[in-house]
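**Q** Chains as they are written, first to last, in my numbering: chain A, 1 to 254; chain B, 1 to 85.
Quick one: the structure is below, questions incoming.
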Amino acid sequence: MLPYIIIGNRFIPMYGVCMAAGILISLYIAYILTKQTGGDSDSLIVIATSAIGCGLLGAKILYIIATYGIRNAWSQMLKGDFSFLLGGGQVFYGGLICGIAGAFLGAWLAHEKLSSYCDAIVPCIPLGHAFGRLGCFFAGCCYGKPYEGIGGLSFPAIGIHYRTFPVQLIEIVINICVFAYLIYYVHTDHKRFHVLYRYILIYALSRFLIEFARGDSARGVFKGMSTSQWISIGLFIVSILLMLLSRIKENRRT
Amino acid sequence: MGVASLILGIIAIIIGIFLAGFQWIGAIVGLIGIILGALGRKDPEKKGIATAGLVCSIIGFIFCIIFFIACVACVGGVGALGAGL
Chain A
1 MLPYIIIGNR FIPMYGVCMA AGILISLYIA YILTKQTGGD SDSLIVIATS AIGCGLLGAK
61 ILYIIATYGI RNAWSQMLKG DFSFLLGGGQ VFYGGLICGI AGAFLGAWLA HEKLSSYCDA
121 IVPCIPLGHA FGRLGCFFAG CCYGKPYEGI GGLSFPAIGI HYRTFPVQLI EIVINICVFA
181 YLIYYVHTDH KRFHVLYRYI LIYALSRFLI EFARGDSARG VFKGMSTSQW ISIGLFIVSI
241 LLMLLSRIKE NRRT
Chain B
1 MGVASLILGI IAIIIGIFLA GFQWIGAIVG LIGIILGALG RKDPEKKGIA TAGLVCSIIG
61 FIFCIIFFIA CVACVGGVGA LGAGL
């Protein structure tokens with residue numbers, strides 16, 4: 001665990017460093033993939049930046065909804081207290097959903113079709129996410145349930161003195177495997193947007209299962225399942241429906 | 001767009017380095033600068049200044065995001081260190 005590094009008299013959070021590294025490396029790989037497919041790199045930057053901006057905003061909004069609740073957050077804002085907005089914490093699914101909306105906005109700004117850039121951008125989402133989880137590992141957040149087996153992690157700097165299930169490391173491995181699979185998939189013959197549907201399908205399933213091993217409480221729980229598990233179920237169904245819909249459209253054309 | 005991107009990029013860098021606590025504003029400014037820079041590069045006559053704006057905005061955004069984005073535990077970790085000192 002290394003929550004921060006000290007340079008001079010400044011505390012530099014490792015979570016922020018990992019996020020920045022993830023964004024830069026993911027953008028560079030998206031740039032390479034765009035060059036391979038003959039897309040415009042400037043349009044890619046507009047689409048990706050718009051997606052990142054909306055994604056960060058969405059991740060924060062969902063975190064506030066899940067932890068504070070809309071009513072509490074609204075009443076605090078009415079009192080002129082905005083401190084909760086500046087505190088840490090994001091929810092990945094909020095980032096993913098708003099990031100997709102942001103990508104559509106970016107494509108509109110760049111006068112491009114999003115489907116042309118989907119193959120370059122989507123495989124980079126799990127890569128960036130893996131860096132985010134590396135940040136969680138360094139910061140000691142998003143930890144697992146108490147666990148005494150092999151690879152258990154403790155985070156004494158934040159008061160977690162017992163050993164926990166290494167959820168962050170498992171999610172890093174899963175995200176890197178998904179990234180490798182999607183890179184392979186975009187180089188095969190496939191239909192437009194199917195790379196996005198496949199990513200959501202795989203990630204929703206893995207996240208649903210991983211959530212059972214999570215031990216941190218700041219995620220919001222509803223009817224025995226976490227916010228992310230409910231969203232996983234919804235996104236899993238939506239991506240299956242969209243895949244079926246595109247198959248039906250394809251069959252009608254032929 | 002290129003000039004606007006360059007100005008926003010420089011503002012984002014200044015906020016990122018010198019204005020602790022306001023990095024969220026710098027991140028937004030940097031993001032807008034990146035988008036304007038990338039759109040400005042499509043005009044061949046102003047490609048140079050737009051590229052400079054794009055680069056400055058990316059650097060400013062990265063500086064800001066490093067300090068702005070922090071996980072709950074990360075903030076707690078720094079707090080724990082402060083208490084320890």
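For every residue, glycine included, the Cβ atom is placed at its ideal position computed from N, Cα and C.
Small disclaimer: the values here were computed from a predicted structure and weren't measured.
If the criterion is Cβ atoms closer than 8 Å, does the pair leucine 56 of chain A and glycine 8 of chain A meet it?
**A** For the purposes of this step, residue 56 of chain A is taken as residue 56 along the first sequence, with counting starting at 1. For the purposes of this step, residue 8 of chain A is taken as residue 8 along the first sequence, with counting starting at 1. Their beta carbons are not under 8 Å apart, which means leucine 56 of chain A does not touch glycine 8 of chain A by this criterion.
**Q** Just checking tyrosine 203 of chain A against the ligand MG - is the residue's beta carbon closer than 7 Å to any of the ligand's heavy atoms?
**A** Absent from the structure shown: the ligand MG. Ligands present: none.
**Q** Return no unless some Cβ of chain A is closer than 8 Å to the Cβ of methionine 39 of chain B.
**A** For the purposes of this step, residue 39 of chain B is taken as the residue at position 39 of the second sequence. According to the sequence shown, residue 39 of chain B is leucine rather than methionine. Interface residue, yes.
**Q** Can you grab the Cα-Cα spacing for the pair isoleucine 200 of chain A / cysteine 124 of chain A, in whole Å?
**A** On the first sequence, position 200 is the one that residue 200 of chain A refers to. On the first sequence, position 124 is the one that residue 124 of chain A refers to. For isoleucine 200 of chain A and cysteine 124 of chain A, the distance between alpha carbons rounds to 13 Å.
**Q** Where do the ends of the alpha helix (DSSP H) carrying proline 13 of chain A lie?
**A** For the purposes of this step, residue 13 of chain A is taken as residue 13 along the first sequence, with counting starting at 1. Segment 10–13 is the beta strand (DSSP E) holding proline 13 of chain A; no alpha helix (DSSP H) there.
**Q** Less than 8 Å between CB atoms is the rule here; does lysine 42 of chain B satisfy it with respect to chain C?
**A** Of the protein chains in the structure, A and B, none is chain C.
**Q** Could you check how far apart the C-beta atoms of alanine 51 of chain A and alanine 30 of chain A are, in whole angstroms? I think they sit under 8 Å.
**A** Here residue 51 of chain A refers to the residue found at position 51 when the first sequence is read from its first residue. Here residue 30 of chain A refers to the residue found at position 30 when the first sequence is read from its first residue. Approximately 10 Å separates the beta-carbon atoms of alanine 51 of chain A and alanine 30 of chain A; this is outside 8 Å, ruling out the contact.
**Q** Who are the neighbours of isoleucine 25 of chain B on chain A, taking C-beta pairs under 9 Å?
**A** For the purposes of this step, residue 25 of chain B is identified with residue 25 of the second sequence, where counting begins at 1. The premise fails here: isoleucine 25 of chain B is roughly 11 Å from chain A at the closest Cβ pair, so nothing lies under 9 Å.
**Q** What three-state label does DSSP hand phenylalanine 222 of chain A in the structure shown?
**A** Residue mapping note: residue 222 of chain A aligns to position 222 of the first sequence, counting from 1. The answer is strand: DSSP assigns phenylalanine 222 of chain A an E or B state.
**Q** One question on the structure: do aspartate 81 of chain A and valine 186 of chain A come within less than 8 Å of each other, judged by their Cβ atoms?
**A** Working through the first sequence from its first residue, we reach residue 81 of chain A at position 81. Working through the first sequence from its first residue, we reach residue 186 of chain A at position 186. No, Cβ-Cβ distance for aspartate 81 of chain A and valine 186 of chain A is not below 8 Å.
**Q** Determine the extent of the alpha helix (DSSP H) in which phenylalanine 155 of chain A is found, giving its start and end residues.
**A** Here the question's residue 155 of chain A lines up with position 155 in the first sequence. Where phenylalanine 155 of chain A is concerned, there is no enclosing alpha helix (DSSP H), although the beta strand (DSSP E) it sits in stretches over 153–155.
**Q** What residues in the stretch 39–50 of chain A have a beta carbon less than 7 Å from any beta carbon of chain B?
**A** Asp42, Ile45, Val46, Thr49, Ser50
**Q** Report the option in A:Tyr143, A:Gly159, A:Ala180 whose CA atom is closest to the CA atom of phenylalanine 165 of chain A.
**A** The residue given as residue 165 of chain A occupies position 165 in the first sequence. The candidate whose alpha carbon is nearest that of phenylalanine 165 of chain A is A:Tyr143.
**Q** Please confirm whether phenylalanine 86 of chain B has its beta-carbon closer than 8 Å to some beta-carbon of chain A.
**A** Residue 86 of chain B lies beyond the residue range present for chain B, which begins at 1 and ends at 85; the question has no answer from this structure.
**Q** Compute the distance between the beta-carbons of valine 46 of chain A and leucine 39 of chain B, then report whether it is under 8 Å.
**A** By 1-based counting over the first sequence, the position of residue 46 of chain A is 46. By 1-based counting over the second sequence, the position of residue 39 of chain B is 39. In contact: valine 46 of chain A and leucine 39 of chain B (Cβ atoms closer than 8 Å).
**Q** In three-state terms, what does DSSP make of histidine 194 of chain A?
**A** For the purposes of this step, residue 194 of chain A is taken as residue 194 along the first sequence, with counting starting at 1. If DSSP states are grouped into helix, strand and coil, histidine 194 of chain A belongs with the helices.
**Q** What's the C-alpha gap between isoleucine 17 of chain B and cysteine 64 of chain B?
**A** For the purposes of this step, residue 17 of chain B is identified with residue 17 of the second sequence, where counting begins at 1. For the purposes of this step, residue 64 of chain B is identified with residue 64 of the second sequence, where counting begins at 1. If you take the alpha carbons of isoleucine 17 of chain B and cysteine 64 of chain B, they lie about 8 Å apart.
**Q** From the beta carbon of leucine 8 of chain B, is the nearest beta carbon of chain A less than 8 Å away?
**A** For the purposes of this step, residue 8 of chain B is taken as the residue at position 8 of the second sequence. Contact of leucine 8 of chain B with chain A is not assigned, every C-beta pair being separated by 8 Å or more.
**Q** Within the chosen definition, does the stretch 149–164 of chain A reach the stretch 188–205 of chain A through at least 3 CB pairs nearer than 8 Å?
**A** no
**Q** Do phenylalanine 137 of chain A and glutamine 168 of chain A have their CB atoms nearer than 8 Å?
**A** Indexing the first sequence from 1 puts residue 137 of chain A at position 137. Indexing the first sequence from 1 puts residue 168 of chain A at position 168. Yes, they are a contact pair.
**Q** Examine chain A for any beta-carbon lying closer than 8 Å to the beta-carbon of isoleucine 15 of chain B, and answer yes or no.
**A** Against the second sequence, residue 15 of chain B aligns to sequence position 15. For isoleucine 15 of chain B, the answer is no, since every Cβ of chain A falls outside 8 Å of its Cβ.
**Q** How many whole angstroms separate the CB atoms of isoleucine 231 of chain A and isoleucine 66 of chain B, which I take to be in contact at a CB cut-off of 8 Å?
**A** In the first sequence, counting from the first residue as 1, residue 231 of chain A sits at position 231. In the second sequence, counting from the first residue as 1, residue 66 of chain B sits at position 66. Actually they are not in contact, since the Cβ atoms of isoleucine 231 of chain A and isoleucine 66 of chain B sit about 28 Å apart, beyond 8 Å.
**Q** Going along chain B in order, which residues have a C-beta closer than 8 Å to the C-beta of valine 17 of chain A?
**A** Counted from its first residue, the first sequence places residue 17 of chain A at position 17. What valine 17 of chain A touches in chain B: Ile66.
**Q** Since glycine 2 of chain B contacts glycine 26 of chain B with CB under 8 Å, what's their CB separation in whole angstroms?
**A** What you label residue 2 of chain B is simply residue 2 of the second sequence in a count that begins at 1. What you label residue 26 of chain B is simply residue 26 of the second sequence in a count that begins at 1. With 8 Å as the limit, glycine 2 of chain B and glycine 26 of chain B do not qualify as a contact, their Cβ atoms being about 20 Å apart.
**Q** Give the straight-line distance between the Cα atoms of leucine 78 of chain A and lysine 60 of chain A, rounded to the nearest whole angstrom.
**A** As a first step, residue 78 of chain A must be located in the first sequence, where it is residue number 78. As a first step, residue 60 of chain A must be located in the first sequence, where it is residue number 60. Answer to the nearest angstrom: the Cα atoms are 19 Å apart.
**Q** In the DSSP assignment, what residue or residues form a beta bridge with proline 146 of chain A?
**A** The sequence position of residue 146 of chain A within the first sequence is 146, counting from 1. For proline 146 of chain A, which the question treats as bridged, DSSP gives the partners A:Thr164.
**Q** Cβ atoms of tyrosine 117 of chain A and serine 43 of chain A: under 8 Å apart, would you say?
**A** One-based indexing of the first sequence puts residue 43 of chain A at position 43. One-based indexing of the first sequence puts residue 117 of chain A at position 117. Yes, they are a contact pair.
**Q** Starting from the C-beta of glycine 76 of chain B, find all residues in its chain whose C-beta is less than 7 Å away, skip the five residues before and the five after it, and write them out in chain order.
**A** Working through the second sequence from its first residue, we reach residue 76 of chain B at position 76. Residue placement at glycine 76 of chain B is poorly supported in this model, since its pLDDT is 49, which falls under 50; the coordinates still yield a value, given next. Correct list: empty, nothing qualifies.
**Q** Can you name, in chain order, every residue of its own chain whose Cβ lies under 6 Å from the Cβ of isoleucine 37 of chain B, other than the five neighbours on each side?
**A** As a first step, residue 37 of chain B is located in the second sequence; it is residue number 37 there, counting from the start. For the record, residue 37 of chain B in the displayed sequence is glycine; it is not isoleucine. The answer, listed in chain order, is Ser5, Ala50, Gly53, Leu54, Ser57.
**Q** Between the alpha carbons of methionine 243 of chain A and alanine 20 of chain B, how many angstroms are there, rounded?
**A** Residue mapping note: residue 243 of chain A aligns to position 243 of the first sequence, counting from 1. Residue mapping note: residue 20 of chain B aligns to position 20 of the second sequence, counting from 1. The straight-line gap from Cα to Cα measures roughly 46 Å.
**Q** Relative to chain B, which residues along the stretch 50–77 of chain A have a C-beta separation below 8 Å, given in chain order?
**A** Ser50, Ile52, Gly53, Leu56
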